[in-house]
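Residue numbers (the working numbering): 102 to 404.
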């Protein structure tokens, strides 16, 4: 049986279709397509414009049409920070649902962080550490103790929102990079959960920004893995950004050209999280929030 999940994010609208076993316990991805909708660019003064609503509806409609070719038994659409953190959220979602002829599940900050953990832990063993997901409009940070997600924080800072708020050109200057880091640090310090008080050896990462950064690291460093980065790797990437700017840019254009304007902002967020938690390494998980949604919100009802 095939199941489809459409993830409406700040930068992309992504469709994943999964082939699920009859007992609902195993699945594999058979389609993974993204549309660079850039919905965050249509947000002005805290509201998404009518044009942005139209772009979202069109992108979702295209995903629904693609999914239909694989005859899924169910397709769910969910949205995260880009539609969650706007003042006209309810009106925008209703308009998109009407135009795209679908229902949209708006994930809360807690939902997004927990589903990221569910997805990541379905393929990777996570005993103790911090799981991070650097999205376009927010970054989810989850403390893991003895294999359980015990504390979650959603920081209203992502790679795309940081670019919009701090960067004047394609790549940030050292001052702009530092300002993004300060914004992350201030948000962590202000978090009521006290997340920044914890120290861990290992970070776990999900999402496109972290996968792209791991790919750039592997491109620039011989024999580096695309699934693991050390603190030293991340610090070296920061040096490369400013001292080997052309080489850094070439690596990004090879690995993830659509993130050329946001990946350095994601790097600023990542290095601040590395420093804040005093972590020594990061492991890039195979699955994330979409797989978590499939497992927790769709397959639980199969049997």
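Even for Gly, the Cβ is constructed at its ideal location relative to N, Cα and C. Keep in mind it's a predicted model, so treat the numbers as computed, not measured.
For residue 362, the three-state secondary structure derived from DSSP is coil. Taking 8 Å as the upper bound for CB-CB distance, residue 390 and residue 125 are not in contact here, some 19 Å apart. In this chain, residue 140 is not harboured by any beta strand (DSSP E), its DSSP state being neither H nor E. Excluding sequence positions up to five before and after residue 350, its CB lies less than 6 Å from no other CB in the same chain. In the pairwise beta carbon analysis, the segment 216-236 is classified as touching the segment 299-314: at least three pairs are separated by under 8 Å. According to DSSP, residue pairing for residue 180 in a beta bridge involves 109 and 207. With respect to residue 141, residue 111 sits close: the two C-beta atoms are nearer than 8 Å. Collapsing the DSSP output to three states places residue 149 in a strand.
Counting only unbroken stretches of 3 or more residues, the beta strand (DSSP E) elements lying wholly within the segment 227-289 are 230-235, 240-246 and 249-256, in sequence order.
Secondary-structure assignment with DSSP links residue 129 through a beta bridge to 120.
Taking C-alpha positions only, residue 152 is separated from residue 146 by approximately 15 Å.
Between the alpha carbons of residue 162 and residue 144 lies a distance of about 21 Å.
In the DSSP assignment, residue 337 falls within the unbroken alpha helix (DSSP H) covering 332-344. Between the C-alpha atoms of residue 184 and residue 190 there is a straight-line separation of about 6 Å.
Using a Cβ distance threshold of 8 Å, residue 342 and residue 334 do not count as a contacting pair. According to the DSSP assignment, residue 395 belongs to no beta strand (DSSP E), since it is labelled neither H nor E. One alpha carbon belongs to residue 281, the other to residue 367, and they sit about 9 Å apart.
Nearest in C-alpha terms to residue 299, of all of 377, 102 and 360, is 377. Residue pairing by DSSP places residue 170 in no beta bridge whatsoever.
Judged by beta-carbon spacing, residue 116 lies within the 8 Å limit of residue 168, meaning their Cβ atoms are closer than that value. In terms of Cα proximity to residue 382, the closest of 332, 318 and 177 is 332. Excluding its 5 nearest sequence neighbours in each direction, residue 393 has C-beta neighbours in its own chain below 8 Å: 215, 216, 217, 218, 219, 220, 221 and 223, listed in chain order. Judged by their CB atoms, residue 180 and residue 208 are nearer to each other than the 8 Å cut-off. Inclusion of residue 131 and residue 176 in the CB contact set at 8 Å is not warranted, their separation being larger than that value. Note that the C-beta distance between residue 296 and residue 246 is not below 8 Å. Spatial neighbours of residue 301 in its own chain (CB-CB distance under 7 Å, excluding positions within 5 residues in sequence) are listed in chain order as 229, 230, 231, 378 and 380.
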